[in-house]
Amino acid sequence: MKLFPCRFRFPLLGLAAVSIGLLLLLSPLTAQEKIENTDPEKRLKWYDQHTALREASPFKSLKWRLIGPDIISGRCTDIAVPPGSKHTIYVGAATGGVWLTRNSGISWEPIMDDIPSISIGDLAIAPSDPDIIWVGTGEANIFRASVAGVGVYKSLDAGKTWQHMGLTGTYTIGRIVIHPRNPQIVYVASSGHEWTHNPERGVFKTTDGGATWDKVLYIDDKIGAIDLVLDPNEPDTLYASMWNRTRRRWSDPQPGPGDGIFKSTDGGGTWEQKTAGLPDLDRTGRIGLSLCASRPHIIYAFVDNHNPGREPLEGERDAYGRLKKGRVIKGAEVYRSDDKAETWVKVSPDDRYMEGFGGTYGWVFGQIRVDPSDPDTVYIMGLRLAQSKDGGKTWEPLFYPGLHGDHHGLWIDPEDSDYLINVNDGGINISYDQGQTWRDFHRIHPVVQFYNVAYDMEKPFNVYGSVQDHGTYRGNVAHGRPRRRREPRPITRWEAAPGGEGTHVAVDPHHSHIIYSSSFYGRLMRSEYKDGMWQSKNILPRIPEGEPPLRGQWMAATILSPHNSDVVYHGMQYLYRSLDRGENWERISPDLSYNNPDQQGKLPFAIPFATITAIAESPFKFGLIYVGTDDGRVHITRNGGDTWTEITKGIPFNKQVSRLVASRYEKGMVYLTLNGRRDDDFNDYVFKSIDYGRTWEDISGNIPGGPVNVIREDPKKADILYVGTDLGVYVTLDAGANWHVLAEGLPTCFVWDLIVHPRDNTLVIATNGRGMYAIDDVSPIQEYR
């Protein structure tokens, strides 16, 4: 198969695309318009507006302080080291920006915080000029919580300043490759939008340093480029890995036609697919590529092979506890070519280790590296980091205390193959002995990916949050006297707490030693702190025999009643209520989602969908409850679940309900935020109702874009509201007529949850990528005139 270049020219500011899709609403049976694919240029304009609001904020005296955690770090995606350097290292964090160390990791500093998206896909340094650095925004690993980028940036002064160089609409960048002698020639591999189809994907090339771009390899709006390597001796020879992939809210990426390895020998002018010896590419997933720098005719391909393998054992389950159905996929496979990709030979063994190397989500990994001086020393990255010294025939897993799992990048020193730098879901690790021992930087690299924050009423109070690939943590915040007296910063002690990486945490306000959290997908447990340790009990409601299984979202909603903390509400597709701390349950609602059967995934790709994501009970009346779902339905009951009324009319269709807040100031008032991230929709959706949801008022006002992740009322003053978006924190003093930015001391970051402690008056935010921050006292906001 030969492909010729698709020559589209794009200006410096990037690519724009707008599409509106129609989706049939199942109940009631009327067609509704679904908003998708925000114009990428709007995102740049919204960031400029955010910057202007930051400069005009009346609250510049209120400064955020990082409160941790200081015992873990977070997912990183790539490493770049200047040629000839040993101590200067650049690292990209999945949702935490670009970081630099000049002393081999003794200290780290962020160098790219003031851009619209600090989600990082790839880094590259020009081999001919170490001051030229390129950054591709938008993590290409497409986790359920990955965040879209805004194209590529370039620095000409080793990261001191940055210029946006276009490709805004790509949203994910898998690889950037720079010509070894001419830094004006750059290639970018984009896998495209995570959730929707778009034409801004494939391989792009610039010959003028990014002023203009040619799309030189393009198949269609579903197939993107995930990896790209260049022959250092013949820089017009390139190899690209193309991948048919789109996430759905109900399904991980499924294999499809169009995957493959393509080769160009004329600098991207023409491409030819190279498949000889590879498996059936209609049933493969992500493919990673690497060549040996000293012998570039030797190339390796790391294939996520979904072709059917063995039959599952009786009762065999996957990592999420689901019974395996049908034949197990072949899993991770390594192929080698010794003739510049003309033919491929499978070199890895067929065994259970390779089968499970990527778990149920090999599409997250797909990274392979060849030792630049030894073509038989190869590393692959999956749940573990593994090394082969015989060309892929056998593999040795590399283990060491502090070396986290889920690996996404590896740099091998071209002058010293013992020197390795690895990035993974736990952060950064460095080895000086070819992977036998490792350093870690968990305590000094704060790129922790929180999903949420909760608090207790201890003195001083604790904050809780679930963390990507780490589980749940809590920090004990001890406040000192006012900072103006130059007293030490408040101390925050962090430790593990019960709960998985994806869970809301509900803390009993009267008994702080009792908390409720889930493991995966709403599998609820109650935990009590006794005798110096947590003791947990599974309390997920059971379903009668013969009924469909429960569906719980990754962040299934759990709250305690404001009227009685023994009363627990838990959301699956139904709302459950317990009056006795989870010992006994009653189902108090029907399925509150649309439950479209066409939007239920199939194993092993299925993700629970059509589930409850937000619950709020009015503090004025027991049993006055609002419920929202991930497929955009909102309901109210005024009688504890005896009857339910849908109150979705007047809000955008099919958006995930990110938050519901029943007002503490008026009985019929409720606030609602919607999140369109999973439609590549970045609008700001903030609503208020004063009539129990019969009508909704848009109060987003001058908030410049979203997505909006959370809204909270101020605990002391009506009309003061706080909102967290993917740009930062906003506050309104007048119920949404005007919004102000709270940004002093805070990087541009993804604020996914926030709380205001009702006793201590402290505002705490959970960011996905930069840990937790706090403003110790928000009384200046409450007293502002």
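In the numbering used here, the protein residues as written are 26 to 810.
Idealized CB from N, CA, C, for every residue including glycine.
Beta-carbon spacing of residue i, residue j below 8 angstroms
i, j, result
"Ser590", "Pro534", "yes"
"Val682", "Thr638", "yes"
"Glu58", "Phe678", "yes"
"Leu255", "Gly184", "no"
"Pro94", "Ile150", "no"
"Asp307", "Pro282", "yes"
"Gly19", "Asp709", "For the chain, the structure presents residues 26 to 810; residue 19 sits outside this window and is missing."
"Val733", "Val756", "no"
"Thr193", "Tyr178", "no"
"Leu196", "Asp705", "The displayed chain sequence assigns Tyr, not Leu, to residue 196. Taking 8 angstroms as the Cβ cut-off, Tyr196 and Asp705 qualify as a contacting pair."
"Leu697", "Ile640", "no"
"Gly607", "Val592", "no"
"Leu617", "Thr654", "yes"
"Asn332", "Pro304", "yes"
"Asp182", "Gln209", "no"
"Ser132", "Glu164", "no"
"Phe634", "Arg274", "yes"
"Val448", "Val116", "yes"
Reduced DSSP category for residue i - H, G, I as helix; E, B as strand; rest coil
i, result
"Met379", "helix"
"Ser266", "strand"
"Asp667", "coil"
"Ile806", "helix"
"Val372", "coil"
"Arg499", "strand"
"Thr654", "strand"
"Pro135", "strand"
"Trp71", "helix"
"Arg518", "strand"
"Asp704", "helix"
"Ala301", "coil"
"Tyr480", "strand"
"Lys240", "strand"
"Leu428", "coil"
"Glu66", "helix"
"Ala743", "coil"
"Thr22", "Given a span of 26 to 810 for the chain in the structure shown, any question on residue 22 remains unanswerable."
"Arg272", "coil"
"Ala77", "helix"
"Pro624", "Correcting the residue type first, residue 624 is Gln in the shown sequence and not Pro. Gln624: helix per DSSP, three-state reduction."
Identity of the residue in the options nearest residue i by Cα
i, options, result
"Leu767", "Pro65, Leu87, Gln57, Tyr476", "Leu87"
"Thr462", "Leu428, Val175, Phe647, Thr750", "Leu428"
"Ala170", "Asp233, Val202, His204, Arg100", "Arg100"
"Gly334", "Ser491, Leu628, Ala344, Arg352", "Arg352"
"Ala105", "Gln74, Pro152, Ala77", "Pro152"
"Arg409", "Lys418, Thr232, Arg273, Gly434", "Gly434"
"Ile555", "Gly547, Ile564, Gly675, Ile539", "Inspection of the sequence shows that residue 555 is occupied by Lys rather than by Ile. Minimum Cα distance to Lys555 is reached at Ile539."
"Val488", "Ala479, Asp494, His495, Ser144", "Ala479"
"Pro205", "Trp220, Asn166, Pro155", "Pro155"
"Trp610", "Ser618, Leu617, Tyr599", "Tyr599"
"Pro397", "Ala118, Asp801, Ser315", "Ser315"
"Met379", "Val370, Gly407, Asp401, Val403", "Gly407"
"Gly451", "Gly460, Phe466, Tyr444", "Phe466"
"Val160", "Trp133, Ala118, Ile167", "Ala118"
"Lys646", "Asn330, Gly726, His588, Arg127", "His588"
"Gly496", "Ser98, Asp458, Ile92", "Ser98"
"Asp744", "Arg702, Gly701, Arg689, Asp751", "Arg689"
"Ala357", "Gly313, Ile323, Ser319", "Gly313"
"Arg548", "Pro523, Ile724, Pro422, Val473", "Pro523"
"Phe486", "Leu91, Pro135, Ile167, Thr787", "Thr787"
Distance cut-off 7 angstroms: residue i Cβ against heavy atoms of the ligand ZN
i, result
"Tyr747", "Absence of the ligand ZN from the depicted structure is noted, as is the absence of any ligand whatsoever, leaving it without description."
**OP:** Answer yes if the region 771 to 783 comes into contact with the region 730 to 743, meaning at least three C-beta pairs across the two stretches below 8 angstroms, and no otherwise.
**Re:** Touching, yes.
**OP:** Jot down the residue ranges of each uninterrupted alpha helix (DSSP H) in the region 341 to 426, minimum 4 residues, whole runs only, in chain order.
**Re:** If we require 4 residues or more, the alpha helix (DSSP H) runs fully inside the region 341 to 426 come out as 377 to 380.
Original post:
Per the contact definition of three or more C-beta pairs closer than 8 angstroms, is the region 258 to 269 in contact with the region 286 to 301?
Top reply: Contact holds: three or more Cβ-Cβ distances are below 8 angstroms.
Original post:
What are the uninterrupted segments assigned as beta strand (DSSP E) that are 3 or more residues long and contained completely in the region 314 to 344, given in chain order?
Top reply: Segments of the beta strand (DSSP E) lying fully in the region 314 to 344: 320 to 333.
**OP:** Please list the segments of the alpha helix (DSSP H) lying wholly inside the region 145 to 212, counting only runs of 4 or more residues, in order along the chain.
**Re:** List check, alpha helix (DSSP H) in window: nothing returned.
Original post:
Are the region 580 to 588 and the region 559 to 571 in contact at 8 angstroms, needing three or more beta carbon pairs?
Top reply: The region 580 to 588, when compared against the region 559 to 571, does not touch it at the 8 angstroms Cβ threshold.
Original post:
Is the number of C-beta pairs between the region 409 to 420 and the region 332 to 347 that are closer than 8 angstroms three or more?
Top reply: Between the region 409 to 420 and the region 332 to 347, the count of Cβ pairs shorter than 8 angstroms is below three; the stretches do not touch.
Subject >> Touch test, the region 241 to 257 against the region 266 to 277, Cβ-Cβ under 8 angstroms, three pairs minimum >> reply: Because the criterion of three Cβ pairs below 8 angstroms is met, the region 241 to 257 and the region 266 to 277 touch.
Original post:
Counting Cβ pairs, one atom from each stretch, are 3 or more of them under 8 angstroms apart for the region 132 to 139 and the region 761 to 778?
Top reply: Touching, yes, given that three or more Cβ pairs across the two stretches are closer than 8 angstroms.
Original post:
Enumerated in chain order, which unbroken segments of the beta strand (DSSP E) with a length of 3 residues or greater are wholly contained in the region 523 to 587?
Top reply: If only complete runs of 3 or more residues are kept, the region 523 to 587 shows the beta strand (DSSP E) at 539 to 543, 549 to 555, 558 to 563, 583 to 585, in order along the chain.
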